[in-house]
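Residue numbers (our numbering): 385 to 925.
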């Protein structure tokens, strides 16, 4: 018996033996279970189950009253979870986790065999964190400068072993842990309550991440990017494609400011992201070397017209008040000795949110998944507005430039099921009405009544940061805008752009159209050539 199947069997056994905190349901429907009078009764029943389980109840869906495996269709299971979520909200609780299994029953799988779904939903007492106190921080820095290690120590409160052990709390692929190099974006979260930091006990356990969301009055989510040059496009995606509040740039005291450090700093500041510099690995060097690298960092910041602010000298209060597009706090840290981590804690607990935007809901898609019993899931950071379970949305543009109507089945944040999410939240949205294979990075989710116009070309103001020769008509870099990463052709208004030049150009996506708006910032890259730009005018298809 697999571990997952054992979870289901334990739930069935507990229902037979204890009854009090476990409820069997074949399915839940809006028409029947949310009808007048029935909702209040079922919410009271759920409340009883939660109290019987000392704050936690288990609902097994897709089974008979006696615990026999019946299995229900994907749509029926999704509706059941929607209804259960409303019942939980009525009872002052929430769904924390849902696990599903395929069993002999209704529907059919890819081989045409009859399959149904049985699910175990864990319901816990208490409501979820409000969306207005959650900041998102994007990390950057040269490979082996301690980004993931520093974040791992922050979210767990554990000192590093000197070998990058806490890095393993974030790297998601076995080969990344083995090699000590991150190859894709990874995520971490911790929070604060009235007593101080709320940290993870076991970041690899989904329920532990969900616990942080549940218990915290304030959340800090990290988007941990990649420092190795071959994956620079992934770093750009993390810094440009997420709706970040702050940047955290690491500089190792034993290595100092490198060319990659300067590139990442340029990307952070070109996107006008308020940034903190963390000087890492100070346990490996002398105090004189620490002072030397601090001066290197200050020179690098002044070269791009930014003002460094040493937090150890001026204090956290000054750093919080002064941090901006022009003032960059510098914190001296060590994940091994935990030097400076309390300073970062205090800053992250008090820094105001900056990344949320007013207006209608909008989310550019960064990743997609297919979850059994749920279906297609689109993941990203909510750029503006808010979204609720049950909302009707538009998804696109598809390959033909059209938008498709979809429905929000459910929303999760760090494996914690929520009823709604506002601007700045990193969420996964389960969608009804589309296959996961039809969703692509760079697409956007919008309200059903929006009237989006796909864009194949736009005008932009650009600055060339690095290029060996002139940029002329037909130059083809990759443009990174929101979560879009697409080859494009440049047609400079003056016929050419030279290194260090700022000018205007037409940008034409090479293969397909996207949703692009005036004022959006982007990064372009081709080989070692790099630059930044701002959309000034769009030309709709």
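A virtual CB, placed ideally from N, CA and C, is assigned to each residue, including glycine.
Would residue 808 and residue 520 be called neighbours here (beta carbons separated by less than 8 Å)?
As a first step, residue 808 must be located in the chain shown, where it is residue number 424. As a first step, residue 520 must be located in the chain shown, where it is residue number 136. Yes, the Cβ-Cβ distance between residue 808 and residue 520 is below 8 Å.
Which value, in whole angstroms, describes the spacing of the CA atoms of residue 834 and residue 778?
Here residue 834 refers to the residue found at position 450 when the chain shown is read from its first residue. Here residue 778 refers to the residue found at position 394 when the chain shown is read from its first residue. Roughly 8 Å between the two C-alpha positions.
Classify residue 544 as helix, strand or coil using the three-state DSSP reduction.
Translated into the one-based positions of the chain shown, residue 544 becomes position 160. Three-state result, residue 544: coil.
In chain order, what residues of the same chain lie with their CB nearer than 7 Å to the CB of residue 805, ignoring the 5 residues before and after it?
Start at 1 with the first residue of the chain shown, and residue 805 comes out as number 421. Result list for residue 805: 515, 766, 770, 771, 795, 797, 811, in chain order.
Can you tell which of 648, 413, 543, 763 has the C-alpha that lies nearest to the C-alpha of residue 463?
Here residue 463 is taken as the residue at index 79 of the chain shown, counted from 1. Checking every option, the nearest Cα to that of residue 463 belongs to 413.
Along the beta strand (DSSP E) that carries residue 776, what are the first and last residues, could you check?
Looking up residue 776 in the chain shown gives position 392. Per DSSP, residue 776 belongs to the beta strand (DSSP E) from 776-780.
Exposed or buried, which one is residue 894 when buried takes at least 16 other CB atoms within 10 Å?
For the purposes of this step, residue 894 is taken as residue 510 along the chain shown, with counting starting at 1. With fewer than 16 Cβ atoms within 10 Å of its Cβ, residue 894 is classed as exposed.
On the criterion of 16 or more Cβ atoms from any shown chain inside 10 Å, does residue 460 qualify as buried, or is it exposed?
Along the chain shown, read from residue 1 onward, the residue named residue 460 stands at position 76. Its Cβ being crowded by 16 or more others within 10 Å, residue 460 is buried.
Go through its chain and collect everything with a Cβ distance to residue 793's Cβ below 6 Å, but skip five positions before and after it.
On the chain shown, position 409 is the one that residue 793 refers to. Cβ neighbours of residue 793 beyond the five flanking positions: 462, 814, 816.
If we count the other Cβ atoms within 10 Å of its Cβ and call it buried at 16 or more, is residue 455 buried or exposed?
For the purposes of this step, residue 455 is identified with residue 71 of the chain shown, where counting begins at 1. Residue 455 comes out buried.
Name the DSSP bridge partner or partners of residue 477?
Here residue 477 corresponds to residue number 93 of the chain shown, with the count starting at 1. Partner(s): 509.
Below 8 Å, how does it come out for the stretch 665-683 and the stretch 627-643: are there three or more Cβ pairs, yes or no?
Output reads yes: the stretch 627-643 touches the stretch 665-683.
Span of the beta strand (DSSP E) holding residue 578?
For the purposes of this step, residue 578 is identified with residue 194 of the chain shown, where counting begins at 1. Run containing residue 578: none; DSSP gives neither H nor E here.
Which partner residues of residue 747 appear in the DSSP bridge assignment?
For the purposes of this step, residue 747 is taken as the residue at position 363 of the chain shown. Answer is 766, 829.
Identify whether residue 854 lies in helix, strand or coil by the three-state DSSP scheme.
Within the chain shown, the letter at position 470 stands for residue 854. Residue 854 falls in the coil class under three-state DSSP.
By Cβ distance, which residues of its chain are closer than 7 Å to residue 706, with the 5 residues on each side in sequence left out?
To locate residue 706, count along the chain shown from 1; it is residue 322. Taken in chain order, the residues that qualify are 693.
Among 848, 593, 882, 743, whose alpha-carbon lies nearest the alpha-carbon of residue 906?
Looking up residue 906 in the chain shown gives position 522. Selected option, being the one with the closest Cα: 848.
Based on the DSSP output, what are the partners of residue 484 in its beta bridges?
Locating residue 484 in the chain shown gives position 100, counting from the first residue. Per DSSP, 503.
On the criterion of 16 or more Cβ atoms from any shown chain inside 10 Å, does residue 572 qualify as buried, or is it exposed?
Counting from 1 along the chain shown, the entry for residue 572 is found at position 188. Buried, by the Cβ-count rule.
Distance, Cα to Cα, residue 727 vs residue 838?
Mapped onto the chain shown, residue 727 falls at position 343. Mapped onto the chain shown, residue 838 falls at position 454. Using only the alpha carbons, I get a separation of about 45 Å.
Go ahead and pull the three-state DSSP assignment for residue 531.
Walking along the chain shown from the start, residue 531 turns up at place 147. In the structure shown, residue 531 sits in a helix (DSSP, three-state: H, G or I).
Between residue 748 and residue 867, how many whole angstroms is the CB-CB distance? I'm expecting something under 8 Å.
On the chain shown, position 364 is the one that residue 748 refers to. On the chain shown, position 483 is the one that residue 867 refers to. With 8 Å as the limit, residue 748 and residue 867 qualify as a contact, their Cβ atoms being about 4 Å apart.
Take residue 733 and list the residues in its own chain whose beta-carbon comes closer than 7 Å to its own, dropping the five residues that flank it on each side.
Translated into positions along the chain shown, residue 733 becomes position 349. Cβ within range, chain order: 576, 602.
With DSSP run on the structure shown, which of helix, strand or coil describes residue 807?
The residue you call residue 807 lines up with position 423 of the chain shown. Of the three classes helix, strand and coil, the one that applies to residue 807 here is coil, per DSSP.
Output needed for residue 437: all residues of its chain with C-beta closer than 6 Å, excluding positions within five of it in sequence on either side, in chain order.
One-based indexing of the chain shown puts residue 437 at position 53. Cβ neighbours of residue 437 beyond the five flanking positions: 405.
For residue 877, collect the residues of the same chain with a Cβ closer than 8 Å to its Cβ; drop the 5 residues on either side in sequence, then sort them by chain order.
In the chain shown, counting from the first residue as 1, residue 877 sits at position 493. Excluding positions up to five away in sequence, the list reads 887, 888, 889, 890.
Can you tell me whether residue 786 is buried or exposed, with buried defined as 16 or more other CB within 10 angstroms of its CB?
Here residue 786 refers to the residue found at position 402 of the chain shown. The residue in question, residue 786, is exposed, as its Cβ has fewer than 16 Cβ neighbours within 10 Å.
Does the distance from the C-beta atom of residue 704 to that of residue 735 stay below 8 Å?
Taking the chain shown and counting its residues from 1, the one referred to as residue 704 is at position 320. Taking the chain shown and counting its residues from 1, the one referred to as residue 735 is at position 351. Against a cut-off of 8 Å, the Cβ pair of residue 735 and residue 704 comes out as a contact.
Just to confirm my understanding: we take residue 509, look at its own chain, exclude 5 residues before and 5 after, and list those with CB closer than 6 Å. What are they?
What you label residue 509 is simply residue 125 of the chain shown in a count that begins at 1. The answer, listed in chain order, is 434, 439, 477.
Taking the Cβ atom as the reference point for each residue, do residue 776 and residue 763 lie within a distance shorter than 8 Å?
Translated into the one-based positions of the chain shown, residue 776 becomes position 392. Translated into the one-based positions of the chain shown, residue 763 becomes position 379. Going by C-beta atoms, residue 776 is not nearer than 8 Å to residue 763.
Can residue 417 and residue 467 be called in contact, C-beta distance under 8 Å?
Counted from its first residue, the chain shown places residue 417 at position 33. Counted from its first residue, the chain shown places residue 467 at position 83. Contact: yes.
For residue 656, which residues of its own chain have a beta-carbon under 8 Å away from its beta-carbon, when the five flanking residues on both sides are left out?
Here residue 656 is taken as the residue at index 272 of the chain shown, counted from 1. Result list for residue 656: 709, 905, in chain order.
Go ahead and label residue 480 buried or exposed: buried means 16 or more other beta carbons lie within 10 angstroms of its beta carbon, across all protein chains shown.
What you label residue 480 is simply residue 96 of the chain shown in a count that begins at 1. Answer is buried; the Cβ neighbour count reaches 16.
In whole angstroms, what separates the C-alpha of residue 639 from that of residue 863?
Taking the chain shown and counting its residues from 1, one reaches residue 639 at position 255. Taking the chain shown and counting its residues from 1, one reaches residue 863 at position 479. About 31 Å.
For residue 902, collect the residues of the same chain with a Cβ closer than 7 Å to its Cβ; drop the 5 residues on either side in sequence, then sort them by chain order.
Stepping through the chain shown from its first residue, residue 902 is reached at position 518. Same-chain partners within the cutoff: 919, 920, 921, 922.
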